[in-house]
Amino acid sequence: MKKLNQGRHTVRIAIAAALVALSGAAQAQSRIGDGTGLPGPIVTPGALLDLNSSTRGLLMTRVAIIDRSTWTLAGGTPIEGMVVYNSAATTGANGLQEGLAVWRNGQWISVDETPYLHINSTLTGNSTLSNSGATGANAIAIGPNAVAGTAEAMAIGARASALGAQGVALGAGSSVTQAGGVALGAASVADTAAGVAGYVPPTASDAQRIAIGATTSTLAAVSVGNAAGGQYRQITGVAAGAADSDAVNVAQLRAVQGTVAGIDQSTVHYDTNADGTVNYSSVTMGGSNATGPVTVRNVAPGVAGTDAVNVNQLTAGVASAARYTDARFNQLQANLGNVARDASAGTAGAMAMANLPQAYLPGKSMVAVGVAAYEGQGALAVGVSKLSENGQWVVKFSGTANSRGKVGVAAGAGFHW
């Protein structure tokens, strides 16, 4: 109260000094009004005066500000720190809302209180703003029912909730429950903690698995929707990623798709069944556009009975089969030659035996010799025959030896009547 009285005393002195200067120390009387034309109180020289209004409180200059940098009230350039009441809101890049405005650094700046703005700071200061929505240390909550309940959390938007330390919930109904999480957009929910392992394709190499593991999240996730609630957003304007931890855009995915399509046409893969499933028992080489046979190169020698063979194995197999066939043929040819020669020698032996004469006188015996040649082979035959005394019986024995080293014997008997 003492300070307040001192302030009023100072104001009275200043006003009195101003009035004295204006009046030039004259004895005339002056009147002060509230700008409505109504007469104000009479001020006599040396009088002390509290300026006030019965309808608006402390008198304040009212003016319609065209834009932030224009002074529309007569009287020259505003003084730094001058406060006026802007009676008409303006729009545009330099527009100003209706209400209190202060002249600072060559422009008007609105100083009206923003509704639903609650800032809680652990730092010392002279703030009278409500802390009802920001209960965490150094937390910020902006918007009706916005809650920033943990240290350094930020909730902006109606019903926005940031319950994770240093979390940021931006948008009506957005929610963050993990420390450091970020929810962007209305109804977005950030509830994925740091350290969640990323997807590793089954076909990834060891180097790729290591690279994926090296980029595992160390902070909570950024959410632009709510998968559990079926709310999704597209992220547009994404630049092409460069580092392993960068996001990729659709253009990059399309490039990969084209590369994969080219690989699909240039590599060997299993055929598919009519229902689209993989047919592991059939492989078509040359891609879907193949019009003829293809060459399979760099084939290792087959080992098992169901392995493919390469040309070297095939050539060796054919050569081995050819040698075997040639040997068998040569042997067969030799055998056939032997058979032919044996047959020729046999024929010569038969001819020699057939030409042996025999006894024809009763009671007489005969020894006979015969020779023969056939197809380069020869034979010798010897025979013994005897006719009975009465000439009715005849007996004959013969033998042969040919040029092939073969021998043969024969015997016969006959009866006359």
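Per our numbering, the sequence shown runs over residues 1295 to 1711.
For glycine and all other residues, C-beta sits at the position ideal for the given N, C-alpha and C.
Keep in mind it's a predicted model, so treat the numbers as computed, not measured.
Starting from the Cα of residue i, find the closest Cα among the options and give me that residue.
{"i": "valine 1661", "options": "Ala1673, Leu1681 and Gln1460", "result": "Leu1681"}
{"i": "alanine 1537", "options": "Ala1514, Thr1530, Ile1506 and Gly1523", "result": "Ile1506"}
{"i": "leucine 1674", "options": "Ala1484, Leu1655, Met1645 and Ala1442", "result": "Met1645"}
{"i": "serine 1692", "options": "Val1663, Val1605, Val1516 and Thr1371", "result": "Val1663"}
{"i": "alanine 1695", "options": "Arg1548, Val1665, Ala1395 and Asp1361", "result": "Val1665"}
{"i": "alanine 1529", "options": "Ala1501, Ile1373, Gly1523 and Ala1541", "result": "A small correction: the amino acid at residue 1529 is isoleucine; alanine does not occupy that position in the sequence shown. Comparing Cα positions, the closest option is Ala1541."}
{"i": "threonine 1364", "options": "Trp1397, Gly1375, Thr1355 and Val1703", "result": "Trp1397"}
{"i": "glutamate 1683", "options": "Tyr1654, Val1605, Gly1702 and Gly1393", "result": "Tyr1654"}
{"i": "alanine 1515", "options": "Asn1632, Ala1488 and Gly1586", "result": "Ala1488"}
{"i": "glutamine 1607", "options": "Val1593, Gly1706 and Arg1617", "result": "Val1593"}
Exposed or buried, residue i, counting other C-beta atoms within 10 Å across all chains shown (16 or more means buried)?
{"i": "serine 1614", "result": "exposed"}
{"i": "asparagine 1380", "result": "buried"}
{"i": "glycine 1519", "result": "buried"}
{"i": "asparagine 1629", "result": "exposed"}
{"i": "glutamine 1472", "result": "buried"}
{"i": "glycine 1677", "result": "buried"}
{"i": "methionine 1579", "result": "exposed"}
{"i": "glutamine 1625", "result": "exposed"}
{"i": "alanine 1383", "result": "exposed"}
{"i": "alanine 1484", "result": "buried"}
{"i": "tyrosine 1668", "result": "buried"}
{"i": "isoleucine 1403", "result": "exposed"}
{"i": "glutamine 1460", "result": "buried"}
{"i": "glycine 1475", "result": "buried"}
{"i": "serine 1424", "result": "Any reading at serine 1424 must be qualified, since the residue scores a pLDDT of 39, below 50, and its modelled position is unreliable; the value itself is stated next. With fewer than 16 Cβ atoms within 10 Å of its Cβ, serine 1424 is classed as exposed."}
{"i": "serine 1517", "result": "buried"}
{"i": "alanine 1545", "result": "exposed"}
Between the C-alpha atoms of residue i and residue j, what's the straight-line distance to the nearest angstrom?
{"i": "arginine 1527", "j": "glycine 1465", "result": "14 Å"}
{"i": "serine 1469", "j": "alanine 1533", "result": "27 Å"}
{"i": "glycine 1670", "j": "serine 1638", "result": "7 Å"}
{"i": "serine 1348", "j": "alanine 1433", "result": "Caution applies to serine 1348, whose pLDDT of 46 falls short of 50 and renders its modelled position unreliable; the model cannot decide the point."}
{"i": "glycine 1657", "j": "glycine 1685", "result": "7 Å"}
{"i": "histidine 1710", "j": "glycine 1643", "result": "28 Å"}
{"i": "threonine 1509", "j": "proline 1495", "result": "15 Å"}
{"i": "leucine 1513", "j": "glycine 1389", "result": "40 Å"}
{"i": "glutamine 1391", "j": "valine 1377", "result": "14 Å"}
{"i": "valine 1357", "j": "alanine 1452", "result": "34 Å"}
{"i": "glycine 1699", "j": "aspartate 1636", "result": "9 Å"}
{"i": "glycine 1400", "j": "isoleucine 1373", "result": "9 Å"}
{"i": "glycine 1672", "j": "serine 1697", "result": "5 Å"}
{"i": "arginine 1503", "j": "alanine 1442", "result": "39 Å"}
{"i": "proline 1438", "j": "alanine 1456", "result": "14 Å"}
{"i": "histidine 1563", "j": "glutamine 1525", "result": "38 Å"}
{"i": "glycine 1458", "j": "valine 1490", "result": "17 Å"}
{"i": "alanine 1501", "j": "glycine 1611", "result": "43 Å"}
{"i": "aspartate 1361", "j": "threonine 1385", "result": "8 Å"}
{"i": "leucine 1547", "j": "glycine 1427", "result": "43 Å"}
{"i": "glycine 1467", "j": "serine 1482", "result": "7 Å"}
{"i": "valine 1603", "j": "tyrosine 1574", "result": "20 Å"}
{"i": "serine 1679", "j": "methionine 1647", "result": "12 Å"}
{"i": "valine 1588", "j": "alanine 1634", "result": "51 Å"}
{"i": "serine 1511", "j": "threonine 1486", "result": "10 Å"}
{"i": "glycine 1492", "j": "threonine 1429", "result": "34 Å"}
{"i": "threonine 1561", "j": "serine 1499", "result": "19 Å"}
{"i": "valine 1590", "j": "valine 1597", "result": "17 Å"}
{"i": "glycine 1702", "j": "tryptophan 1687", "result": "24 Å"}
Below 8 Å on the Cβ atoms is my guess for residue i versus residue j; work out the distance and round it to an integer in Å.
{"i": "glycine 1577", "j": "aspartate 1565", "result": "According to the sequence as given, residue 1577 is valine; it is not glycine. That pair is a contact at about 6 Å."}
{"i": "alanine 1449", "j": "alanine 1463", "result": "5 Å"}
{"i": "alanine 1445", "j": "alanine 1431", "result": "4 Å"}
{"i": "alanine 1704", "j": "valine 1689", "result": "Rounded, the Cβ-Cβ distance is 12 Å, inconsistent with contact."}
Who are residue i's beta bridge partners in DSSP?
{"i": "alanine 1662", "result": "Gly1677"}
{"i": "tryptophan 1711", "result": "Partner(s): none; tryptophan 1711 has no beta bridge."}
{"i": "serine 1455", "result": "Val1441 and Ser1469"}
{"i": "glutamine 1525", "result": "Asn1520"}
{"i": "lysine 1700", "result": "Beta-bridge pairing links lysine 1700 to no other residue."}
{"i": "aspartate 1540", "result": "DSSP, once it has assigned bridges, lists no residue as partnering aspartate 1540."}
{"i": "isoleucine 1450", "result": "Ile1436 and Leu1464"}
{"i": "tyrosine 1379", "result": "Arg1356 and Leu1394"}
{"i": "serine 1404", "result": "Ala1395"}
{"i": "serine 1499", "result": "Answer is none; serine 1499 lacks a bridge partner."}
{"i": "asparagine 1573", "result": "Asp1565"}
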